[in-house]
Structures are given as C-alpha cells and as structure tokens.
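In what follows, a structure is listed as structure tokens, so that the remarks can point back to it.
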Ligand code: ARG
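Numbering (this note's numbering), first residue to last: 1262 to 1730.
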C-alpha cells in the first residue's frame, strides 16, 4: 500500500499488529458516501474562499465521484494499513486525481471530518427510524379500530385488575411510540449541527465560510465552539438512549405477546409465518420473533452503556477512544430498524382470541371496584365500601363463586344498599363503558383517542424527517 498520509514525522514503520489494532476501516467504511459528500462540500468551500482554484476543485470532485463509483461497484480495495475511511478515500484521490488531491485536507482534520460523517449518517438513520415508527403507528391504529369492542382483563402486578378494551391496550403502545418519535425528532435537532472546519480542535487559519459548507450539506446550524465540535458525542449518546427506551417498549410488547400466546393465557395465536417449531417436540410453536426482540433489547441497552462508559471522564478534545463509538451505534440502528420492521409486518397477522379474553375478564373479581363504586353511589364512603366488598370477595372465594354469581340475598347480607340492579351494573361491558374519565377505557373515549391519533398521523405525513436526499 502507499505511504501513510501522516508518515512525515515517523522514522519507523507502524507495526502490523498496531495497524490491525488501530484500524477502523472494517467498521467505518459504511460511512463512505457521507465522507465523500462532506469532502465535496469541503472542496467547494475551499474554492469559494479561493484557497484552491475552481479547476482544482472540479478535478478533486471528479476524483471523489469516481471513488464513490468504485466503492459501489465493489472495485475498491480496503486495507488496514490505511486506518479509516477518510484515509482510504484521500489516498485513492491522490492516485486518481494526482497531487491536487493532497489539497483537499486543507482547513480540516479527521477529527472534525469524523464528527461530520457520523452526524450525516445519523440524521439519515434517525429520519429513517422515525418514518418506520410512523408506519408502525398506522398498524397499531388499524388494529385498535378492529378491536374497538374486544375486552380483555387489564392487569396490575400481573394480577387481573379491571376489564379494558383491547383497543385501549394497543393505543397505550401508540402513545409510547409517539413519545419515541418525538424524542428522536428532538435528538435530530442536536444531530443536525455542522462541525466541519473546526479542524483538529482550535479552528483553522484559512478564511473558510463554514456556513457555506453547512448550506451545501443541508445543516441548519454550525457548531459554535471548535473544541466542543470535535469532542462532542452527546448526539450519539442521546440517540442510543432514545433507541434504548424504544426497545424497552418493544420488549414489553414482546413479553405480553409471549405470555398471551401460552396455553395458560391463550389470548392470541401468532401467525405460523412468524413462529418456529422445535426440533424435538413436534407440538411446539414458539414465539421466536417477540423473544428475539426481547433478547436484542439487551444489546441495545448494552451499546448505550458501552458508549456512556467510553465517554466518561474523557478530557477535551478529541481522543482516539471515540473511534469506538461506531460499532455500537451501527448495531443499534440496525437492530432497532429491524425490530420496528418485523413488528410492523407481524402485528396485523396476530389472531386475538376474543372469547378467551372476554372469559378471562369475567373471572377473578374484576368487578370488585365497581361494586364498591355502586355502594358509593348509594351514599357509602369509598373506604367503607372497599371494606364491605372485600368481605364479599372473601365469602365468594370460600364458596367458589364470582361476586355476580352470589344471590341478591347473599349480597344484601354485606350491605342493605344493594338492589337487583347490581347484576347489570357488574356486567363486564358496562364496567368498561362507565370508565369515561379522560383517557379512560370506555369505547367512546377510545374512539376519540383513535380519531385523534389518525388526525395526528395525517398532520405528520408531510413533516416526517428525511435526510436521505
Ligand atoms: N477513525 C477516527 C475515528 O473514528 C477518525 C479520527 C481520527 N483522528 C485522529 N487524529 N487519529 O474517530
């Protein structure tokens, strides 16, 4: 391979073990398109400031475009001795364009260059993830509409608590993913800041117009402080924590689907095309997709921890430690994108077993709160009512009955305020429909929530971030 671009100061060759150890090309070659796009903008900025001539600029740009084609055609040689994607492209540029290629790296350093590349990569990736979440939101809303009348037990402490609409439960996930989208969009504002021209750390002596570079690359802002610009990886940490929280949501949904698909629950059946069998037990149908999503959450959280720990206590400004940010970042982007994608495909295919869900919602005293409410409506204080119903539950348990299966006389032995109308009051659907407080599970509220969600999605349609140009 050709001589290293920084070889001048050195009298000995780099040990090959060190080349292999310090090289990041296997990971950062993924940034090639952004590196080239950034270099083209930098080149124009240099010409704009008359640091190089227009002819030199166009020779360099032609060379860079040729390199892009070589890489995309699989004709480009990657080699550990050239360290990273910046060095590979610059070396090849000198080979293709001749000595003029050596002028490209004026008024910048790899420290601001890598910060630029990662920011360009991440704004595309973040926009892509937001758009994927947007599609998932549509699927959730459609599913909620389909199940606007389906009732299942709502749980607290994994114990049956009160009946709710499946649509309401699904819309809870809509809310979670809506927050994830908003968080990622907030993060995008901090990603979308242009660091190039900060050079190694102190800025540059050349009269470049950094705002011009930013404009060429579609950045809203330029970084305000050169030391910060090359030291800052907050935008990576922030993205990783947004991704971590989003994966937490997927892991919770996964856990629910796994539990719901057990024989013990029997609330759902996963589509055959999204499950696998066992190599030994012929009867098995395993919920692999939700299990793997739940499992992959570990790596995404781990990636956040890895980079928080890597950044912790790093003195300003750039340190080579920071090269380690890329593998965890890429892994997180790929994992999150894959999980959103597979859920978008799988959710509409799940079969919800409505009768089993309703049956579960009518066993286990899910009406106890409502019976207390009934007594409150007839003048008892809630605590008193709570106590009486507790006694009734204990009596019913001892007699292997539900509250609504006790006779009117039995119920009246706990409170004389109870009348015949208690039985319709305790019907599962009545209980759901009475929960009309804002954000509650009554069908009329959930229909409103769905309508609001649809409006929100429609409004958002033309404002989804897209940096893929
Ligand atoms: N490969 C480096 C990284 O990923 C690029 C910057 C290297 N700068 C340097 N002075 N060695 O962070």
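All residues carry an ideal CB built from backbone N, CA and C; glycine is no exception.
{"Asked": "Short Cβ contact (8 Å threshold) for residue 1318 with residue 1305", "Found": "yes"}
{"Asked": "Among 1308, 1401, 1423, 1417, the one whose alpha carbon lies nearest that of residue 1610", "Found": "1401"}
{"Asked": "Nearest-angstrom Cα separation, counted from residue 1671 out to residue 1664", "Found": "10 Å"}
{"Asked": "Alpha helix (DSSP H) segments (min. 4 residues) lying fully within the region 1280–1349", "Found": "1286–1289, 1293–1309, 1315–1333"}
{"Asked": "Closer than 7 Å: residue 1581 CB and nearest the ligand ARG heavy atom", "Found": "yes"}
{"Asked": "One or two residues paired with residue 1547 in a DSSP bridge", "Found": "1537"}
{"Asked": "Any non-hydrogen atom of the ligand ARG closer than 7 Å to residue 1557 Cβ", "Found": "no"}
{"Asked": "Spatially closest choice to residue 1658 from 1641, 1624, 1289, 1691, by CA coordinates", "Found": "1624"}
{"Asked": "Candidates 1374, 1468, 1446: closest to residue 1312 by CA position", "Found": "1468"}
{"Asked": "One or two residues paired with residue 1632 in a DSSP bridge", "Found": "Looking at the DSSP assignment, residue 1632 forms no beta bridge with any residue, so it has no partner."}
{"Asked": "Spatial distance of residue 1576 from residue 1494 (CA atoms)", "Found": "13 Å"}
{"Asked": "Distance CB(residue 1357)-CB(residue 1328) smaller than 8 Å", "Found": "yes"}
{"Asked": "Proximity of residue 1309 and residue 1473 at Cβ, strictly below 8 Å", "Found": "yes"}
{"Asked": "Heavy atom of the ligand ARG within 7 Å of residue 1297 beta-carbon", "Found": "no"}
{"Asked": "Euclidean distance between Cα positions of residue 1387 and residue 1449", "Found": "7 Å"}
{"Asked": "Residue 1653: first and last residue of the uninterrupted alpha helix (DSSP H) it sits in", "Found": "1643–1659"}
{"Asked": "Span of the beta strand (DSSP E), counted from its first residue to its last, around residue 1422", "Found": "1420–1426"}
{"Asked": "6 Å Cβ shell around residue 1508 - same chain, five flanking residues per side excluded", "Found": "1558, 1561"}
{"Asked": "Bounding residues of the alpha helix (DSSP H) (the contiguous stretch that carries residue 1208)", "Found": "Nothing can be reported for residue 1208: it is not among the residues displayed for the chain, which extend from 1262 to 1730."}
{"Asked": "Reduced DSSP category for residue 1416 - H, G, I as helix; E, B as strand; rest coil", "Found": "strand"}
{"Asked": "Inter-residue Cα distance where the pair is residue 1704 and residue 1406", "Found": "11 Å"}
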